[in-house]
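2 protein chains.
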Amino acid sequence: MDARVALGAKFENWLALGFDDARCPVRNLLDQIGDRWSMLVLAALAGGAKRFSTLARALPDISKRMLTQTLRRLEADGLVHRDVQPTVPPSVTYSLTSLGESFAAPLLGLVEWAEANFAAVLEARARRAQAA
Amino acid sequence: MDARVALGAKFENWLALGFDDARCPVRNLLDQIGDRWSMLVLAALAGGAKRFSTLARALPDISKRMLTQTLRRLEADGLVHRDVQPTVPPSVTYSLTSLGESFAAPLLGLVEWAEANFAAVLEARARRAQAA
DNA sequence: GACATTGGTCTCAAATAGAGACCAATGATC
DNA sequence: GATCATTGGTCTCTATTTGAGACCAATGTC
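Quick mapping for you: the protein sequence lines, in order, are chains A and B. To convert, take the position in the first sequence, counting from 1, and add 568; that gives this note's numbering. To convert, take the position in the second sequence, counting from 1, and add 568; that gives this note's numbering.
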């Protein structure tokens, strides 16, 4: 019933199976998209296709280097499509594939949790700062 | 309607608001728990309280250093409770707080997506490896 | 003729993660 | 009764990752 119980059961199951990177989808994908930028980039593309420089402006403090790297990895994993127009200067447009679009649902769940519980987290931090 | 549309709308909204770390819940929380270990630790605790060494054994390749650091941060954010029994040797038990438990639902969504779409991701990687 | 724009790459420095030694006190083992 | 493992960490040193910023070539704009 409970999501907690279901999650706990899944974890025990992974444990029993050895739970290494190659076989465990969760470990594998969390290692890839569980970084600071991937989810943000996916959220940015959720609204529609965007050019490289538009993404760079939308994500204020990602460096070009990391943006390139993140997009390349998402492309390799089949979540993002890269479309190059060989004009001069070049125009490169990124968009979600259908696989990428399917990720919007769980990501939205995460986002909604964050918005709903941000205050509680801030409060916990404040309590702890005071105790120290 | 669509999760993708909803997510896109949220993103545009953050953009309009400036979207910095301090004010944006998603940026803020993604910076904290969006690392390789936090979600795994939370999943491990979903099944019930566990001791430090049990967690270390359950998460095969996290170093003690990172496990300590991750647990401390989750504790600071109010997701995890740390209970120290001053025996010798000490016994320290970690468990989810109710805030931590509430995170199980979105996390489960993520896990289910990963399980459902792992094959598609592997296929995308294989296609790309072949093209190169 | 100078300057900005495009989508990157390259180099170097800074921050972060990982490996493994070490700790003190106790209980089990030999 | 000496040795060994266990507890929950910390500390140091090294390896990996990240970030900042210069640079690129060709074109359009002022």
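Note that beta-carbon positions come from the ideal geometry of N, C-alpha and C, so glycine has one too.
For A/Thr661, write down the residues that DSSP places opposite it in a beta bridge.
A/Arg619 and A/Asp651
Given 8 Å as the limit, is there contact between the stretch 569 to 576 of chain A and the stretch 633 to 640 of chain A, that is, 3 or more CB pairs closer than that?
no
Considering Cα atoms alone, identify which of B/Ser666, B/Ser670, B/Arg619 and B/Leu627 is closest to B/Pro657.
B/Arg619
My output table needs one value for A/Ile630: the three-state DSSP class, helix, strand or coil.
coil
With three or more C-beta pairs closer than 8 Å as the rule, is the stretch 605 to 619 of chain B touching the stretch 670 to 677 of chain B?
yes
Boundaries (first-last residue) of the alpha helix (DSSP H) holding A/Trp681
Ala672 to Ala699
Counting C-beta neighbours from all protein chains within 10 Å, is the total for B/Gly602 16 or more, i.e. buried, or is it exposed?
buried
Closest Cα partner of B/Glu643 within the set B/Thr655, B/Leu664, B/Arg695 and B/Pro628
B/Leu664
Kindly say whether B/Val679, judged by its beta-carbon, lies nearer than 8 Å to any beta-carbon of chain A.
yes
Since I believe A/Tyr662 is in contact with A/Ala617 (beta carbons under 8 Å), could you give me their beta-carbon distance rounded to a whole number of angstroms?
7 Å
Starting from the Cα of A/Gln600, find the closest Cα among A/Ala614, A/Gly646 and A/Ala626 and give me that residue.
A/Gly646
Relative to the C-alpha of B/Phe587, which residue among A/Phe579, A/Gly586, A/Ala612 and A/Lys578 is closest?
A/Ala612
Taking 8 Å as the CB-CB cut-off, is B/Pro674 touching chain A?
yes
Kindly indicate which residue of A/Ala624, A/Pro628, A/Ala584 and A/Glu680 has the alpha-carbon position closest to the one of B/Ser670.
A/Glu680
The alpha helix (DSSP H) spanning B/Ala612 covers which residue range?
Ser606 to Ala614
B/Ser666 versus A/Ser659 - alpha carbon distance:
48 Å
For B/Phe579, which of helix, strand or coil comes out of DSSP?
helix
Can you list the residues of chain A that B/Met607 reaches, using a CB-CB cut of under 9 Å?
Val594, Leu598 and Gly602
Can you tell me which of the three DSSP states A/Arg591 falls into?
coil
From B/Ile630 to B/Ala624, what does the alpha carbon distance come to, in whole angstroms?
7 Å
Anything in the stretch 573 to 584 of chain A with a Cβ closer than 9 Å to a Cβ of chain B? List those residues in chain order, please.
Val573, Ala574, Leu575, Gly576, Ala577, Lys578, Phe579, Glu580, Trp582 and Leu583
Would you mind telling me which residues of chain A sit closer than 9 Å to B/Ala624, beta carbon to beta carbon, in chain order?
Under the 9 Å cutoff, chain A gives no residues; its nearest Cβ is about 13 Å from B/Ala624.
Which bits of chain A does B/Ser670 rub up against, with CB to CB less than 8 Å?
Trp681 and Asn685
Member of B/Val689, B/Arg650 and B/Leu583 whose CA lies at the smallest distance from the CA of A/Pro593:
B/Val689
Inter-residue spacing [alpha-carbon to alpha-carbon] between B/Leu597 and A/Ala682
7 Å
Sort B/Leu639, B/Arg696 and B/Gln653 by Cα distance to A/Arg640 and report the nearest one.
B/Arg696
Give me the Cα-Cα distance between B/Leu627 and A/Thr655, rounded to the nearest whole angstrom.
49 Å
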